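K.L.:
Right, I'll just put the structure down here and ask away after.
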Amino acid sequence: MKAFLTGGTGFLGSRLAARLRDRGDDVVCLVRSPEKGRSLEGIGCTLVQGDLSATDAMRSGMGGCDAVFHLAADYRVGLKPEKVPSMEKSNVEGTRNVLDAAIAAGVARIVYVSTVAVFGNTRGQVVDETYEHPGGGHTSHYERTKLEAHHVAKDRIAAGAPIVIVQPGSIYGPGDASATGGIIDQASKGKLPMVSFGSMGLTMVHVDDVVDGTLAAHDKGRTGEAYVLGGEVTSMREVVDAAAQAGGKKPPKLSLPNWAIKSMVPFAPVVTKAMKLPPNMKELVSSADGVTFWAKHDKAARELGYAPRDLRAGLRETVSPR
Numbered sequence: 022m023k024a025f026l027t028g029g030t031g032f033l034g035s036r037l038a039a040r041l042r043d044r045g046d047d048v049v050c051l052v053r054s055p056e057k058g059r060s061l062e063g064i065g066c067t068l069v070q071g072d073l074s075a076t077d078a079m080r081s082g083m084g085g086c087d088a089v090f091h092l093a094a095d096y097r098v099g100l101k102p103e104k105v106p107s108m109e110k111s112n113v114e115g116t117r118n119v120l121d122a123a124i125a126a127g128v129a130r131i132v133y134v135s136t137v138a139v140f141g142n143t144r145g146q147v148v149d150e151t152y153e154h155p156g157g158g159h160t161s162h163y164e165r166t167k168l169e170a171h172h173v174a175k176d177r178i179a180a181g182a183p184i185v186i187v188q189p190g191s192i193y194g195p196g197d198a199s200a201t202g203g204i205i206d207q208a209s210k211g212k213l214p215m216v217s218f219g220s221m222g223l224t225m226v227h228v229d230d231v232v233d234g235t236l237a238a239h240d241k242g243r244t245g246e247a248y249v250l251g252g253e254v255t256s257m258r259e260v261v262d263a264a265a266q267a268g269g270k271k272p273p274k275l276s277l278p279n280w281a282i283k284s285m286v287p288f289a290p291v292v293t294k295a296m297k298l299p300p301n302m303k304e305l306v307s308s309a310d311g312v313t314f315w316a317k318h319d320k321a322a323r324e325l326g327y328a329p330r331d332l333r334a335g336l337r338e339t340v341s342p343r
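Residues in the sequence shown are numbered from 22 upward in steps of one, following our numbering.
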């Protein structure tokens, strides 16, 4: 198989590219610069220079490809308002550009990597692919833009495009540079002084399980269908406790009350800088306070043979990667 991949330099995309190469597939990766793609080139990937607006480069790179995997996205939470348009350009316009280029190139199979965040705050429910975002009340611009991108993919499916959607939960694993990855790292080293938003609900999934599920969606998924790629439905407090245990450390006893965190919002410029947090503290709060991003992967297990590891096993591999 010959596959075209966006997001190949990222946490998930680099692993997907490596897995495709390991199984003997030819891989073409869209990269912003040759320097960013050196590791991909080193494993035998062909590079196409450009960003998600480079429609001509994408169509050319997709020529002769059997599949397109669209992973590239801006997943930051807590952006300054002036940065939001660039997120919209990446997540919404970028998805439109990639999918339309793949359709124009006549690619037989397109896998779009969405997220369980498009369900929004599930308010304590563990939902499946049939659940619809209630509309309004988005917890972050990331959630909103990914929901819009999800609708872009669904619109093209309705028009007959050969798209399969996967919806990972909160991805973690060795090398994770996200905010959650930082919390896991600190907890595993006994350096996390207290837990913030411990009741926040997460669907945690190991990065290698997402790679497995994404490939299974390509190989076995039904065209037009979406598949949640989850792992374990849990909370931030449980993640911190499990990470500490995996690292052989005691978990932090203290929890920072939600009201105390919210009281810091007026002082965001000072607080976020001191705590090394993204600048928009109001959005950080809205995306975590009383929120659950819970979803189940029963459909993927049933149709794709998807079988993710449990959280504790995954965290042991994350803290002490093999």
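Backbone N, C-alpha and C define an ideal beta-carbon position, used for all residues, glycine too.
From a predicted model like this one, the values you see are computed outputs, not experimental measurements.
Skipping 5 residues on each side, what residues in its chain have a beta carbon closer than 7 Å to that of E109?
P.N.:
T166
K.L.:
Enumerate, from N- to C-terminal direction, the unbroken beta strand (DSSP E) stretches of 3 or more residues contained entirely within the segment 237-294.
P.N.:
247-250, 253-256, 275-277
K.L.:
Starting from P189 and walking both ways along the beta strand (DSSP E), at which residues does that stretch end?
P.N.:
184-189
K.L.:
Residues in its own chain within less than 6 Å of W315 by CB, not counting five upstream and five downstream?
P.N.:
T143, V147, G222, T224, V254
K.L.:
Would you call the CB atoms of G219 and G335 closer than 8 Å?
P.N.:
no
K.L.:
For V52, which of P329, P273, F25, R40 has the nearest alpha-carbon?
P.N.:
F25
K.L.:
By Cβ distance below 7 Å, which residues in the same chain neighbour R343 in space, the five residues on each side in sequence not counted?
P.N.:
Only weak support is given to the placement of R343: the predicted model assigns it a pLDDT of 42, under 50, and the value that follows is read from those uncertain coordinates. Counting only Cβ-Cβ distances below 7 Å, and skipping sequence neighbours, we find nothing.
K.L.:
Please say whether A38 and A76 have beta carbons closer to each other than 8 Å?
P.N.:
Here residue 76 turns out to be Thr, not Ala, going by the sequence shown. No, the pair does not count as a contact, with Cβ atoms beyond the cut-off.
K.L.:
Can you round the beta-carbon distance between E118 and L73 to whole angstroms, since I take them to be within the 8 Å contact cut?
P.N.:
The identity of residue 118 in the sequence shown is Asn, whereas the question assumes Glu. N118 to L73, Cβ: 6 Å. Contact.
K.L.:
Taking only the alpha-carbon atoms, compute the straight-line gap between A88 and W280 and give it to the nearest angstrom.
P.N.:
48 Å
K.L.:
Roughly how many angstroms separate the alpha carbons of P102 and A174, rounded to a whole number?
P.N.:
26 Å
K.L.:
Given 8 Å as the limit, is there contact between the segment 176-184 and the segment 299-311, that is, 3 or more CB pairs closer than that?
P.N.:
Using a Cβ-Cβ distance cut-off of 8 Å, the segment 176-184 and the segment 299-311 are not in contact, since fewer than three pairs of beta carbons, one from each stretch, lie closer than that value.
K.L.:
For a quick check, are the C-beta atoms of Q69 and G84 less than 8 Å apart?
P.N.:
With the sequence shown as reference, residue 69 is identified as Val, and Gln is not the correct amino acid for it. Not a contact, by the Cβ cut-off of 8 Å.
K.L.:
Going by DSSP, what residue range makes up the alpha helix (DSSP H) through F32?
P.N.:
32-43
K.L.:
I need the DSSP call for R337, collapsed to helix, strand or coil.
P.N.:
helix
K.L.:
Round the Cβ separation of P278 and V261 to the nearest angstrom and send it over; I've been treating them as touching at under 8 Å.
P.N.:
Actually they do not touch by this definition, with Cβ atoms about 16 Å apart.
K.L.:
Consult DSSP for V147 and reduce its assignment to one of helix, strand or coil.
P.N.:
The three-state reading of DSSP puts V147 in coil, since its state is none of H, G, I, E or B.
K.L.:
Taking C-beta to C-beta, are A129 and R80 nearer than 8 Å?
P.N.:
no
K.L.:
Could you tell me the distance, in whole angstroms, from the CA atom of M285 to the CA atom of E304?
P.N.:
Computed Cα separation, rounded: 12 Å.
K.L.:
Following the continuous alpha helix (DSSP H) through T224, name the residue where it begins and the one where it ends.
P.N.:
Element bounds for T224: not the alpha helix (DSSP H) but the beta strand (DSSP E), 222-227.
K.L.:
Suppose the cutoff is 6 Å on Cβ atoms and the five residues either side in sequence are ignored; what does the same chain contact list for R258 look like?
P.N.:
V216, G219
K.L.:
Please report the distance separating the alpha-carbon of D230 from that of A328.
P.N.:
8 Å
K.L.:
Specify, as a first and last residue, the run of the beta strand (DSSP E) that K23 falls within.
P.N.:
23-27
K.L.:
Assuming R243 contacts Y163 (C-beta within less than 8 Å), just tell me the rounded distance between them.
P.N.:
Approximately 28 Å separates the beta-carbon atoms of R243 and Y163; this is outside 8 Å, ruling out the contact.
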